[in-house]
Ligand SMILES: Cc1ncc(C[n+]2csc(CCOP(=O)(O)OP(=O)(O)O)c2C)c(N)n1
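Chains as they are written, first to last, in this note's numbering: chain A, 1 to 322; chain W, 1001 to 1345.
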């Protein structure tokens, strides 16, 4: 491995830990009753978002789902503002109005929705805007395997495919939509193979392998930026925790969960690879420790911030109120 | 059937049950009674529903009648319409009422209108069972929306407040030949039956609670407080506190939005002279205005000293708790409002 390679890889490892530590901080915030609503974390799925980060440009757009934290971080959304929003603070990205499922970062072209499937038509809108402006920016619409079954998915692909719009549909296939198993509900073995029905490119990648994921995302975005039309990129992965925090997970056994963690942890897998490449465990430990500490410090700082002023509860419904 | 006639019956002790288990049992009874009843929805089979409101049904009735659906609401809401037209009695579960947006077409253009468009020839025995209300998950997961469905002609809209009614109204909904939107409150589904203030014993047999019959839960002199769903529990708590202060509140549980029993409310308001409608749905163009107007039409504007409304003030429900408490009616807000009214004219 060249020195440059090594730096790049270490950076990927750092990002993996940064993302996981971010969601660990969210879990801690929930335990401390700083978050009072539903929380969906992405632990186990870090490599997919890390794989996006190197290719995404500021003028690209990402429209994400209920499980959006890592995508936001990959898009360059400010960590502090995002965590403050998730923690319902006045200084949050959306002034405490949106919360964890609904972060909006206008400057970074990042948005999300809590309605399954609803991210894709919005990404389509960005794609059409980029097309009209003859920009080579791309729009990324994120979907879970569950969202790939919605009408919105199909309708989006019809328009995007027909007009060859710069749309990348990134399907995070963690094989579960709450309790529903992909292989028991999907008419096709993969989501990617549906691409041919829309005349677009379908790709499949192991979403627990951060290097493969980075390459696949780079390849998909190159294809789109060059005018090749939409891509459906399906990344397989595992969701380690419940669908939401507090999910009793009656639909899978403890053994199954343990097996997933043991076999498909992208952080562990990458660590093994880097060690095989000759990075030392103390180097890697240092990265891990630094990221954990940074997230802890950030959370401590944010927890001390005030909630929004209740007197302003009705503000921001209309543009004249901003 | 009315609650007082049940007092003498022996009943299974369900006090430790969660409300969702009672709902699952109610569905099971109806499925046993009528083989044309079937359920479709996300996570209702293997997982038994995200709140457990269909737990055990897959084992008893099999995957044909308890169909786990993909996240494809437009398709399976429409399937409900087709199944009903084919002579079945589908119960379509839409996890949260907020998600009805993606399949509204089948609900308001098909289910709601076909009975009328067919000149009354096509029956539409379908229940859209869903969960509404605020449990702290911000704008897209905290709505009630019964006013929206009530606005669309052709839908019956039901929002129970207590275990006895959850069962009786669901039984009525499943047996009804009309499309019914049955809205549970998320905050109540995991609550133990014994934790409800309004905790009428549940008999060991199926019974129906008719639509369009509001019920007076506390007798009062000073203010008539009409509400529904989980706000009824808040209202009962508020009434207890206010009683200590010498303010006597008549709490009326509306039970259903369509049909709306304004008559019971009007009779009460004519006596107290003050009407407060508390609604967890949005304030404008909804239930609260409709009810106030009907009462005024019935007893005349001169019969009331005060008419007020307390509802979500036309704002999406915010994420932060401090903001949410400011906009979603709660016990304290109800107490404050009634106090002010009672001091007034
Ligand atoms: C239209 C709609 N239907 C149902 C839901 C409830 N819901 C939230 S997430 C989810 C499962 C999503 O599965 P998937 O798309 O695979 O994403 P994952 O949760 O696995 O990341 C469901 C059913 C919703 N939010 N919106």
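For each residue, glycine too, the CB sits at the ideal point set by N, CA and C.
Checklist entry - Is the beta carbon of residue 67 of chain A less than 8 Å from the beta carbon of residue 210 of chain A? => result For the purposes of this step, residue 67 of chain A is identified with residue 67 of the first chain, where counting begins at 1. For the purposes of this step, residue 210 of chain A is identified with residue 210 of the first chain, where counting begins at 1. The answer is no: Cβ separation not under 8 Å.
Checklist entry - Since residue 121 of chain A is in the alpha helix (DSSP H), which residue starts that stretch and which ends it? => result Sequence index remark: in the first chain, residue 121 of chain A carries index 121 (1-based). For residue 121 of chain A, the enclosing alpha helix (DSSP H) begins and ends at 119 to 132.
Next on the checklist: At a threshold of 7 Å, does residue 1079 of chain W count as lining ligand 1 (C-beta to nearest heavy atom)?
Outcome noted: Within the second chain, residue 1079 of chain W is the residue found at index 79, counting from 1. Not a single heavy atom of ligand 1 lies less than 7 Å from the C-beta of residue 1079 of chain W.
Checklist entry - Which value, in whole angstroms, describes the spacing of the CA atoms of residue 1258 of chain W and residue 1161 of chain W? => result Taking the second chain and counting its residues from 1, one reaches residue 1258 of chain W at position 258. Taking the second chain and counting its residues from 1, one reaches residue 1161 of chain W at position 161. Near 15 Å, if we compare the C-alpha coordinates of residue 1161 of chain W and residue 1258 of chain W.
Checklist entry - Are residue 1222 of chain W and residue 1303 of chain W closer than 8 Å when you measure CB to CB? => result Against the second chain, residue 1222 of chain W aligns to sequence position 222. Against the second chain, residue 1303 of chain W aligns to sequence position 303. For residue 1222 of chain W and residue 1303 of chain W, no; Cβs fall outside 8 Å.
Item to check | Alpha-carbon spacing of residue 1193 of chain W relative to residue 1131 of chain W, whole angstroms | outcome: Along the second chain, read from residue 1 onward, the residue named residue 1193 of chain W stands at position 193. Along the second chain, read from residue 1 onward, the residue named residue 1131 of chain W stands at position 131. Going from the Cα of residue 1193 of chain W to the Cα of residue 1131 of chain W covers about 17 Å.
Next on the checklist: Judging by CA-CA distance, which residue of A:295, A:185, A:322 is the nearest neighbour of residue 1067 of chain W?
Outcome noted: Locating residue 1067 of chain W in the second chain gives position 67, where the first residue counts as 1. Out of A:295, A:185, A:322, A:185 has the C-alpha closest to the C-alpha of residue 1067 of chain W.
Checklist entry - How about residue 145 of chain A: is its Cβ closer than 7 Å to a heavy atom in ligand 1? => result The residue given as residue 145 of chain A occupies position 145 in the first chain. Residue 145 of chain A has its CB nearer than 7 Å to a heavy atom of ligand 1.
Checklist entry - Applying a beta-carbon distance threshold of less than 7 Å, which residues of chain A neighbour residue 1074 of chain W? => result Here residue 1074 of chain W refers to the residue found at position 74 of the second chain. The answer, in chain order, is 151.
Next on the checklist: Give me the DSSP bridge partner(s) of residue 173 of chain A.
Outcome noted: Residue mapping note: residue 173 of chain A aligns to position 173 of the first chain, counting from 1. Note: residue 173 of chain A sits in a beta bridge opposite A:236.
Checklist entry - Does DSSP put residue 1171 of chain W in a helix, a strand or coil? => result Position 171 of the second chain, counted from the start, is the residue given in the question as residue 1171 of chain W. It is helical.
Item to check | Limits of the beta strand (DSSP E) - the one that residue 1343 of chain W falls within | outcome: Working through the second chain from its first residue, we reach residue 1343 of chain W at position 343. Note, residue 1343 of chain W: premise wrong, no beta strand (DSSP E); alpha helix (DSSP H) at 1331 to 1343.
Item to check | Residue closest to residue 1217 of chain W, alpha-carbon to alpha-carbon, out of W:1086, W:1208, W:1051, W:1227 | outcome: Position 217 of the second chain, counted from the first residue, corresponds to residue 1217 of chain W. When each option's Cα is compared against that of residue 1217 of chain W, the closest is W:1227.
Checklist entry - Nearest-angstrom Cα distance between residue 1236 of chain W and residue 85 of chain A? => result Sequence index remark: in the second chain, residue 1236 of chain W carries index 236 (1-based). Sequence index remark: in the first chain, residue 85 of chain A carries index 85 (1-based). Taking the CA atoms as reference points, residue 1236 of chain W sits about 35 Å from residue 85 of chain A.
Next on the checklist: Rounded to whole angstroms, what is the Cα-Cα separation between residue 293 of chain A and residue 91 of chain A?
Outcome noted: Mapped onto the first chain, residue 293 of chain A falls at position 293. Mapped onto the first chain, residue 91 of chain A falls at position 91. Their Cα atoms are separated by approximately 22 Å.
Checklist entry - Near residue 1147 of chain W, what residues of its chain come up, given a Cβ to Cβ distance below 6 Å and the 5 sequence neighbours on each side ignored? => result Locating residue 1147 of chain W in the second chain gives position 147, counting from the first residue. Cβ within range, chain order: 1281, 1286, 1287.
Item to check | Per DSSP, cross-strand counterpart(s) of residue 203 of chain A | outcome: Taking the first chain and counting its residues from 1, the one referred to as residue 203 of chain A is at position 203. Paired residues: A:233.
Next on the checklist: List, in chain order, every chain W residue whose beta-carbon is nearer than 7 Å to that of residue 251 of chain A.
Outcome noted: Taking the first chain and counting its residues from 1, the one referred to as residue 251 of chain A is at position 251. Within chain W, the residues near residue 251 of chain A are 1046, 1047.
Item to check | Residue burial classification, residue 33 of chain A (beta-carbon count within 10 angstroms, cutoff 16) | outcome: Residue 33 of chain A sits at position 33 when you count from the first residue of the first chain. Exposed: under 16 other Cβ atoms inside 10 Å.
Checklist entry - Tell me which same chain residues have a C-beta within less than 7 Å of the C-beta of residue 23 of chain A, skipping the five on either side of it? => result Taking the first residue of the first chain as 1, we reach residue 23 of chain A at position 23. Result list for residue 23 of chain A: 41, 42, 43, 69, in chain order.
Checklist entry - Taking 8 Å as the CB-CB cut-off, is residue 317 of chain A touching chain W? => result One-based indexing of the first chain puts residue 317 of chain A at position 317. True, the Cβ-Cβ gap to chain W drops below 8 Å.
Checklist entry - Is it the case that the Cβ atoms of residue 1202 of chain W and residue 1057 of chain W are separated by a distance below 8 Å? => result What you label residue 1202 of chain W is simply residue 202 of the second chain in a count that begins at 1. What you label residue 1057 of chain W is simply residue 57 of the second chain in a count that begins at 1. Going by C-beta atoms, residue 1202 of chain W is not nearer than 8 Å to residue 1057 of chain W.
Item to check | Spatially closest choice to residue 261 of chain A from A:316, A:240, A:21, by CA coordinates | outcome: Walking along the first chain from the start, residue 261 of chain A turns up at place 261. When each option's Cα is compared against that of residue 261 of chain A, the closest is A:240.
Next on the checklist: Short of 7 Å Cβ to Cβ, which residues in the region 296 to 315 of chain A face chain W?
Outcome noted: Legend: CB atoms of the region 296 to 315 of chain A lying less than 7 Å from CB atoms of chain W belong to residues 307, 308, 310, 313, 314.
Item to check | For residue 182 of chain A, the three-state DSSP class (helix, strand or coil) | outcome: Walking along the first chain from the start, residue 182 of chain A turns up at place 182. Helix at residue 182 of chain A.
Checklist entry - If we call anything under 8 Å between Cβ atoms a contact, is residue 1140 of chain W one with residue 36 of chain A? => result Here residue 1140 of chain W refers to the residue found at position 140 when the second chain is read from its first residue. Here residue 36 of chain A refers to the residue found at position 36 when the first chain is read from its first residue. Result no, Cβ atoms of residue 1140 of chain W and residue 36 of chain A do not sit closer than 8 Å.
Item to check | alpha helix (DSSP H) segment containing residue 303 of chain A, residue limits | outcome: Here residue 303 of chain A refers to the residue found at position 303 of the first chain. The continuous alpha helix (DSSP H) containing residue 303 of chain A extends over residues 281 to 303.
Next on the checklist: Counting only beta-carbon separations shorter than 8 Å, does residue 61 of chain A have a partner in chain W?
Outcome noted: For the purposes of this step, residue 61 of chain A is taken as residue 61 along the first chain, with counting starting at 1. With 8 Å as the cut-off, residue 61 of chain A does not count as an interface residue toward chain W.
Checklist entry - Given a threshold of 16 other Cβ atoms within 10 Å of its Cβ, counted over all protein chains shown, does residue 248 of chain A qualify as buried or as exposed? => result Locating residue 248 of chain A in the first chain gives position 248, counting from the first residue. Exposed, by the Cβ-count rule.
Checklist entry - Which of the residues in the region 1081 to 1101 of chain W, read from start to end, lie with their CB under 8 Å from any CB of chain A? => result Answer in chain order: 1098, 1099, 1101.
Item to check | Per DSSP, cross-strand counterpart(s) of residue 1225 of chain W | outcome: Position 225 of the second chain, counted from the first residue, corresponds to residue 1225 of chain W. Note: residue 1225 of chain W sits in a beta bridge opposite W:1251, W:1276.
Checklist entry - When every heavy atom of ligand 1 is checked, does at least one fall within less than 7 Å of the C-beta of residue 1189 of chain W? => result Along the second chain, read from residue 1 onward, the residue named residue 1189 of chain W stands at position 189. In this structure, the C-beta of residue 1189 of chain W stays at least 7 Å away from each heavy atom of ligand 1.
Next on the checklist: I need the boundaries of the beta strand (DSSP E) containing residue 262 of chain A, first residue and last residue.
Outcome noted: The residue labelled residue 262 of chain A in the question sits at position 262 within the first chain. Unbroken run through residue 262 of chain A is the alpha helix (DSSP H), 254 to 264; no beta strand (DSSP E).
Next on the checklist: For a contact defined as C-beta to C-beta under 8 Å, what are the partners of residue 146 of chain A on chain W?
Outcome noted: In the first chain, the residue the question calls residue 146 of chain A occupies position 146. Neighbours of residue 146 of chain A across chain W, judged by C-beta separation under 8 Å: 1070, 1071.
Next on the checklist: For the region 1138 to 1149 of chain W, list every residue whose C-beta sits within 8 Å of some C-beta in chain C, in sequence order.
Outcome noted: As a matter of chain content, chain C is missing from the structure shown, whose protein chains are A and W.
Checklist entry - Of all the residues that make up the region 161 to 183 of chain A, which are near chain W by a beta-carbon distance shorter than 8 Å? => result From the region 161 to 183 of chain A, only 177, 178, 179, 180 have a Cβ closer than 8 Å to chain W.
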